[in-house]
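One structure below.
Numbering (the working numbering), first residue to last: 1 to 263.
This is the structure we're talking about:
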């Protein structure tokens, strides 16, 4: 189990290392700022807020979706699949927070997220990526999954409060359902879809943030990474062009999210 977790984390950092470096830098800057603020006692806001057994709020945020593709080079008429570019998206959710003890909270944040992933297929000639495949509309990007229902269940560990700031770590699982995905193997006759993602996937999520106690509410900026645990590719490709689905043996989802909680 430890080896599996370590492997997943290694893959995440490998795919998103530049973004995570920036996240760690932000964390260090925030931690240093809190250390400076902690040297001077300041009036505290919302002193009884953390004593509530249950409280609610809402979240708005931004996301970037990525896909890690494992290619099947032995497939007949192999086509090289690759993500065209990273596109930004956004999300909204409802916060339901249950206080377990002084440091631990259980959080359920159902919501909806919007994003985009577009895959290009290229000819593969003599071991090198050639021009864009010319079968049908393959020169156009294949859009996958623009809207999702999210059902994350997270544990939140909070450090000691410093004046009006309280850093925390968060982690858990998220079941994500692709509302735009059609039934397995079903393709519109006039669409340019040649591969599909499965409708549902479970994501391992972890991140950090800082609870900021304002006069009337609590505000928390949060950076979070997520990795899908299962193969997203639907094995049933388009009947007329099975080479597209057959060229991908495995695809794993990755996300980076910047969330703003209002509670």
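All C-beta atoms in this analysis are idealised placements derived from N, C-alpha and C, irrespective of residue type, glycine included.
Find the nearest neighbour of residue i within the set the options, judged by alpha-carbon distance.
i	options	result
residue 245	73, 155, 59	73
residue 250	231, 257, 261	231
residue 80	169, 102, 69, 87	69
residue 106	195, 171, 78, 119	171
residue 261	228, 210, 84, 206	210
residue 55	87, 197, 94	94
residue 202	222, 174, 111	174
residue 149	83, 113, 222	113
residue 75	100, 227, 123	123
residue 220	51, 158, 125	158
residue 226	256, 198, 199	256
Span of the beta strand (DSSP E) holding residue i?
i	result
residue 260	248-262
residue 203	200-213
So what does residue i bridge to, in DSSP terms?
i	result
residue 88	64
residue 99	105
residue 80	122
Give the DSSP-derived three-state secondary structure of residue i in the structure shown.
i	result
residue 136	Because residue 136 carries a pLDDT of 38, less than 50, the predicted location of this residue cannot be relied on, and no value is offered for it.
residue 51	helix
residue 244	helix
residue 118	strand
residue 156	strand
residue 181	coil
residue 196	coil
residue 75	coil
residue 229	coil
residue 165	strand
residue 237	coil
residue 149	strand
residue 221	strand
residue 45	coil
State whether the region 213-220 contacts the region 232-241, with contact taken as three or more CB pairs (one from each stretch) at a distance under 8 Å. In short, these stretches do not touch, since the Cβ pair count stays below three.
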